[in-house]
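Worksheet: one structure, shown below.
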Amino acid sequence: MADDYVYSVRMRAAAGGPHEDGGRHVSGAERLVDAVDVADAVSSLTRRAMDREAETDFVRITIDRLRRSDVETTQVLKLRTTPAMAPAESISHARLLLVESGIAKEAVDAAFAWLMGSTAAGALRGARLVDSRSGADLTPDAKRGVRASRFDYAPGAAGVVEAALSDVGLTHFRTREALALATKVIWAGVAAELCWSDEHGYVAGYVATPRDGYVRYADFKPAGAVGGRIFFIDRSKIRPEPVVDLLERQSLWITGPLDILRMAT
Ligand code: COA
Ligand code: AMP
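Okay, here's the thing in structure tokens:
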């Protein structure tokens, strides 16, 4: 029966040829939808890739049919906005938040040192895994990184989340997508996530933790920095391998409602 299945629809686009042949990643997005919504998902993801038409030489859309009974669900992380701050202040705030959430100072220092020192040439194709106690690099493949995939808002939930974000002026699609990605990351057992975007001129970023949810900094990425993501793992509580497996393979629907709070400094 068609109702027994859902579909993972994923898009990736690259400049200079396919990723497999060394093309530069330009754009990626994904959906997890019922059969009836597959055609719309393909169309919107294609439009998304074509938004970057001037750079894009290669687009691949992949559709995988998955058993509905294999899809897990979780509620979207609560979102906290922070007062207007310059990047240096946002970074100090984020450092403190991470330490208060149980990430060792050594690990926070290692993460920011890596994010600040990262170059476009040295960028990973996913997130770096960092031991939350020592700061040691746990990434299984140091050039690839670990990628969250096979997640989306559940049918009907994207509109609810979009409306709640729009009420506080957060209308950029990146906020909605990053919130979904961070929700999957924390659901998978990651102790904290730290991110700023690759996108030139997009300076917002966030810290996500089980305690505080998704804490958004409007002005986070320092001038000249390239993008990056860190997933902190507490190896004394959890092994990295099953977490990576959940992040990359387990399909997940994210439900509303979205709670939005204002965070004081
Ligand atoms: N950055 C750079 N390269 C990427 C990439 C990324 N985010 N995602 C895929 N690639 C390239 C890599 O070369 C990869 O090979 P590798 O596994 O050896 O690294 C190759 O494409 C194939 O990757 P695969 O995972 O099989 O691609 P896919 O067709 O399943 O597409 C994406 C996966 C891009 C949809 C998924 O990885 C992703 O990023 N999903 C989240 C998108 C999202 O919501 N982003 C919002 C963040 S704000
Ligand atoms: P972006 O938010 O797309 O600008 O990406 C910022 C950084 O996040 C990139 O430099 C990658 O290191 C990392 N990244 C991109 N896609 C993923 C993903 N699906 N899962 C984990 N990390 C990712």
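Those letters in the sequence shown? Residues -4 to 260, by the numbering used here. Cβ atoms here follow ideal geometry from the backbone N, Cα and C, with glycine treated the same way.
CA-CA distance, residue 147 and residue 179? As a working note, residue 147 is residue 152 in the sequence shown. As a working note, residue 179 is residue 184 in the sequence shown. Each residue's alpha carbon lies about 9 Å from the other.
Spatially closest choice to residue 63 from 209, 167 and 29, by CA coordinates: Position 68 of the sequence shown, counting from 1, holds the residue named residue 63. Nearest option by C-alpha distance: 29.
Looking at the unbroken alpha helix (DSSP H) that takes in residue 168, where does it start and where does it end? Taking the first residue of the sequence shown as position 1, residue 168 is located at position 173. Here the alpha helix (DSSP H) through residue 168 covers 168 to 182.
Burial state of residue 138 (16 or more Cβ within 10 Å): Indexing the sequence shown from 1 puts residue 138 at position 143. Per the 10 Å Cβ criterion, exposed.
With a CB to CB cut of under 6 Å and the five nearest residues on each side skipped, what residues in its chain are close to residue 239? Indexing the sequence shown from 1 puts residue 239 at position 244. Hits under 6 Å: 141.
On the three-state DSSP scale, how would you describe residue 103? One-based indexing of the sequence shown puts residue 103 at position 108. Helix.
Exposed or buried, residue 261, counting other C-beta atoms within 10 Å across all chains shown (16 or more means buried)? Because the chain is modelled from -4 through 260, residue 261 falls outside the range shown and cannot be assessed.
DSSP three-state label for residue 114, please. Residue mapping note: residue 114 aligns to position 119 of the sequence shown, counting from 1. If DSSP states are grouped into helix, strand and coil, residue 114 belongs with coil.
Alpha carbon to alpha carbon, what distance is there between residue 16 and residue 222? Taking the sequence shown and counting its residues from 1, the one referred to as residue 222 is at position 227. Taking the sequence shown and counting its residues from 1, the one referred to as residue 16 is at position 21. Computed Cα separation, rounded: 22 Å.
If I follow the unbroken alpha helix (DSSP H) through residue 37, where does it start and stop? The count along the sequence shown starts at 1 and reaches residue 37 at position 42. Looking at the DSSP string, the run of the alpha helix (DSSP H) that includes residue 37 is 33 to 45.
I'd like to check one pair, residue 87 with residue 47: are the Cβ atoms closer than 8 Å? Here residue 47 refers to the residue found at position 52 when the sequence shown is read from its first residue. Here residue 87 refers to the residue found at position 92 when the sequence shown is read from its first residue. Their beta carbons are not under 8 Å apart, which means residue 47 does not touch residue 87 by this criterion.
For residue 109: DSSP bridge partner residues: In the sequence shown, counting from the first residue as 1, residue 109 sits at position 114. Bridge partners of residue 109: none, in fact.
In angstroms with no decimal places, state the Cα-to-Cα distance between residue 212 and residue 40. In the sequence shown, the residue the question calls residue 212 occupies position 217. In the sequence shown, the residue the question calls residue 40 occupies position 45. One C-alpha to the other measures close to 27 Å.
Examine the ligand MG and report whether any of its heavy atoms sits within less than 7 Å of the Cβ of residue 119. Summarising the ligand content, the structure contains the ligand COA and the ligand AMP and does not contain the ligand MG.
Tell me which residues share the same chain as residue 133 and place their Cβ nearer than 8 Å to its Cβ, disregarding the 5 neighbours each side in the sequence. In the sequence shown, the residue the question calls residue 133 occupies position 138. Answer for residue 133: 124, 125, 126, 228, 230 and 235, listed in chain order.
Could you tell me whether the stretch 150 to 157 touches the stretch 182 to 191, where touching means 3 or more Cβ pairs closer than 8 Å? no
List the DSSP bridge partners of residue 132. Position 137 of the sequence shown holds residue 132. DSSP, once it has assigned bridges, lists 125 as partnering residue 132.
Assign residue 232 to one of two classes, buried (16 or more other C-beta atoms within 10 Å of its C-beta) or exposed (fewer than that). Walking along the sequence shown from the start, residue 232 turns up at place 237. Result: exposed.
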